[in-house]
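Number of protein chains: 2
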Amino acid sequence: MIYKRVALIGLGLIAGSIALAAKRRGLAETVVGTARTAQTRETAQKIGLVDEVFETPEQAVKDADLVILCVPVGAMAAVAAQIGPHLKAGCVISDVGSVKQAVIDAVSPHLPDGVIFIPAHPLAGTEHSGPEAGFATLFDNRFCLLTPTDAAPVNEVARYRDFWEQMGAKVEQMDAEHHDRVLAVTSHVPHIIAYTMVGVADDLRRVTNSEVIKYSAAGFRDFTRIAASDPTMWRDVFLNNEAATLEILGRFTEELFALQRAIRKGDGELLFDYFTRTRAIRRGILDAGQDTDAPDFGRTRSD
Amino acid sequence: MIYKRVALIGLGLIAGSIALAAKRRGLAETVVGTARTAQTRETAQKIGLVDEVFETPEQAVKDADLVILCVPVGAMAAVAAQIGPHLKAGCVISDVGSVKQAVIDAVSPHLPDGVIFIPAHPLAGTEHSGPEAGFATLFDNRFCLLTPTDAAPVNEVARYRDFWEQMGAKVEQMDAEHHDRVLAVTSHVPHIIAYTMVGVADDLRRVTNSEVIKYSAAGFRDFTRIAASDPTMWRDVFLNNEAATLEILGRFTEELFALQRAIRKGDGELLFDYFTRTRAIRRGILDAGQDTDAPDFGRTRSD
Ligand SMILES: NC(=O)c1ccc[n+]([C@@H]2O[C@H](COP(=O)([O-])OP(=O)(O)OC[C@H]3O[C@@H](n4cnc5c(N)ncnc54)[C@H](OP(=O)(O)O)[C@@H]3O)[C@@H](O)[C@H]2O)c1
Ligand SMILES: NC(=O)c1ccc[n+]([C@@H]2O[C@H](COP(=O)([O-])OP(=O)(O)OC[C@H]3O[C@@H](n4cnc5c(N)ncnc54)[C@H](OP(=O)(O)O)[C@@H]3O)[C@@H](O)[C@H]2O)c1
């Protein structure tokens, strides 16, 4: 047992997976939770996702030693304002938001003195959401990035780190701003691009009579899965990581124009060299153990 | 048996899969082949990919009832020029190129009268290539698009169609130019975009000390797999489907700029609505049976 009482605010994919992963290893004596809608609360209750479901965040955080905000990034500020006055003195508060600096700015002002804030971001997810989407092995072998400020006591950071490691994750620490820049490249911009491509295809579908869907080949198929990700979550990611997203998008457009020009000019050598270079990166990712060469990308749910 | 003697020019992923799929069902009495390099020919011989491996295309097509060009799109013209004079009268010649109008323009002038040209494009592939990449089930349940001209006799088109259907494919016919427009959306532009994104990340990797690879999250990981596709094949695709690729890229850029502007202006409603629309497309693809909801996208090699 690492924390006696854990409270999860939000009961979706990430919260559900935390509840199941923590239970699997006995990391908490009690896991309680709450969600915005009665429907989610009822489902969570019915499937026994947590030990107790509360109607409000205020009730849920009472006496909790660890509180994790598992709501969309844009909802963090309001939730923090709501629970701030009800947090147990000396408790740890964390979040799982996909953007870190904006969450720190939104949450910190609402926290009473003595409460320890350790922001986190597990690099794990699927395109599914809601209380029934979670599974105990979601974090296995995935990175979880912590972005604590200097104010967080070292021993508390170590304890929270242990919590994630025992849920299966590989934990690393970094600066929030740096996190947001790296994630803009590896996750946020790829998502906006996939959304755009699928949007273009949707427009054309009306022209080509659904052939775009019918003949959807590799490449596009993967894009549609990415572009099926939760609209609320991703709207909030882009609105809250604006600077880094726009910077990387700028670089992307620049490169795309260069390749477009090569196609127009028939410059096969430039295209060949570019494609050869990008091919090598795949090798690096396989070597880093962040993916497998198997057709399922190591994403199989093993529970 | 549908064809007595089948000759494959090129012995890579697609040719190898044709050889194995045809053998599996006894669709040909003899399957022979040839490849450009001695190394590929030797490997094909060693693993028994075809019944006989020839040193030159001229030798390979001798007495063949069906000849399939399985080389990169940009190599089709030279191969056709080489084999043209050696084709058996009345034989069927086909290709598996990912672009169709350019291949028709490149191959047709070299074919003697009486030879029947039926271009084909199986919508199936992996990011692997070479003689050892093929497998018998590659075409199972995948579309194969035929783009014959009016000159092709109906009964010969039906026979060739049967050949692909018995290899496991769902066969459809369409106009070559229409094929190229549809594929630009569903395959070619998604590939150039993935290549671009991975190229951008590669530039930044030098800045962020390989963190981009280390923390590569869903989204980007899928892009790297797409951008690991064969550089020669894809160079040829873009050079030979220039018009459609550039047209779709133009639309893509326009949409991307609209989303970029929404991020800059903080227009969450536009982003949310856009992401909700693209999410629905995924459902259409699952319904069309072109993908599965399983984490492996139904891509598991079942042999
Ligand atoms: N999915 C991923 O791939 C992934 C990966 C890493 C991190 N994250 C981050 O994890 C967080 C949760 O994501 P998730 O995938 O678990 O989402 P999810 O399955 O959609 O669950 C979100 C939860 O937040 C609640 N919620 C939504 N809007 C709210 C609001 N305005 N106020 C209060 N509660 C609200 C929802 O309650 P109701 O069900 O009652 O509406 C639901 O319980 C997000 O910050 C996201 O950025 C996601
Ligand atoms: N891979 C896919 O996803 C996919 C899907 C549908 C259609 N296609 C189309 O199928 C065709 C073959 O692709 P593949 O994936 O099978 O490629 P592959 O595995 O790389 O095999 C290509 C074959 O063509 C030969 N070749 C390459 N350049 C040549 C040249 N200049 N002259 C003569 N022969 C040459 C190669 O010989 P060596 O090995 O001796 O060099 C090799 O045997 C391409 O037109 C492609 O557009 C591919």
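Line order of the protein sequences matches chains A and B. When the letters of the first sequence are read in order and numbered with UniProt numbering, they come out as residues 1 to 303. When the letters of the second sequence are read in order and numbered with UniProt numbering, they come out as residues 1 to 303. Even for Gly, the Cβ is constructed at its ideal location relative to N, Cα and C.
DSSP lists no beta-bridge partner residue for A/Glu247.
Taking B/Glu58 as the centre and dropping the five residues before and after it, the same chain places the C-beta of Gln82, Ile83 and His86 closer than 7 Å to its C-beta, in chain order.
Residue B/Ile2 holds the alpha-carbon nearest to the alpha-carbon of B/Gly26 among B/Ile2, B/Ile47, B/Asp175 and B/Ile14. If you draw a straight line from the Cα of A/Val157 to the Cα of B/Phe272, it is about 35 Å long. Straight through space, the alpha carbons of A/Gln260 and B/Gly10 are spaced by roughly 29 Å. Annotation for A/Met233 indicates a beta carbon within 7 Å of some heavy atom of ligand 1.
Set against 7 Å, the gap from the CB of A/Ile18 to the closest heavy atom of ligand 1 is not smaller. For B/Val79, the closest Cβ of chain A is not nearer than 8 Å. Against chain A, the beta carbon of B/Leu138 has no neighbour under 9 Å; the closest one sits roughly 12 Å away. Here B/Ile47 is exposed, its C-beta having fewer than 16 other C-beta atoms within 10 Å. Between the beta-carbon of B/Ala106 and that of B/Ala77 there is about 4 Å, and that keeps the pair under the 8 Å contact cut. Scanning chain A for C-beta atoms nearer than 7 Å to the C-beta of B/Phe143 yields Tyr215, reported in chain order. Around the Cβ of A/Asp113, a 10 Å sphere holds fewer than 16 other Cβ atoms; the residue is exposed. Between B/Gly219 and A/Ile226 the beta-carbon gap is near 5 Å, inside 8 Å, which marks them as a contact. It is roughly 59 Å from the alpha-carbon of A/Glu52 to the alpha-carbon of B/Val96. Remark: fewer than three beta-carbon pairs, one from each stretch, lie closer than 8 Å, so the region 134-142 of chain B and the region 275-284 of chain B are not flagged as touching. Here B/Gly12 is buried. Its C-beta has 16 or more other C-beta atoms within 10 Å.
Between A/Asp63 and chain B, the shortest Cβ-Cβ separation is not below 8 Å.
For the set A/His121, A/Glu29 and A/Ala133, the Cα lying nearest the Cα of A/His179 is the one of A/His121. Listed in chain order, the beta strand (DSSP E) elements of length 3 or more contained wholly in the region 22-62 of chain B are 28-34 and 52-54.
Interface with chain A (8 Å Cβ-Cβ cutoff): B/Ala133 is excluded.
Interface residue (Cβ-Cβ distance to chain A less than 8 Å): B/Thr147 is not classified as such. Counting only residues of its own chain and dropping the five nearest sequence neighbours on each side, A/Pro153 has a CB closer than 7 Å to the CB of Ile116.
For A/Gly97, the CB falls within less than 7 Å of some heavy atom of ligand 1. The beta-carbon of B/Ser108 is placed no less than 8 Å from the nearest beta-carbon of chain A. For the region 184-198 of chain A, the beta-carbon criterion of a distance under 9 Å to any beta-carbon of chain B is satisfied by Val185, Thr186, Ser187, His188, Val189, Pro190, His191, Ile192, Ile193, Ala194, Tyr195, Thr196, Met197 and Val198.
The nearest non-hydrogen atom of ligand 2 is 7 Å or more from the C-beta of B/Pro119.
Within chain B, Pro190 have C-beta atoms less than 7 Å from the C-beta of A/Phe223, given in sequence order.
Of the other Cβ atoms in all chains shown, fewer than 16 fall within 10 Å of the Cβ of B/Arg283; this residue is therefore exposed. Counting along the chain, no alpha helix (DSSP H) covers B/Tyr215, and no H or E run does either.
Spatial neighbours of A/Asp230 in its own chain (CB-CB distance under 6 Å, excluding positions within 5 residues in sequence) are listed in chain order as Ser129. Restricting attention to alpha helix (DSSP H) runs no shorter than 4 residues, the region 141-166 of chain A encloses them at 154-166, ordered along the chain. A/Leu69: not part of any alpha helix (DSSP H); member of the beta strand (DSSP E) spanning Leu66 to Leu69, first to last residue.
Chain A has no Cβ within less than 8 Å of the Cβ of B/Ile14.
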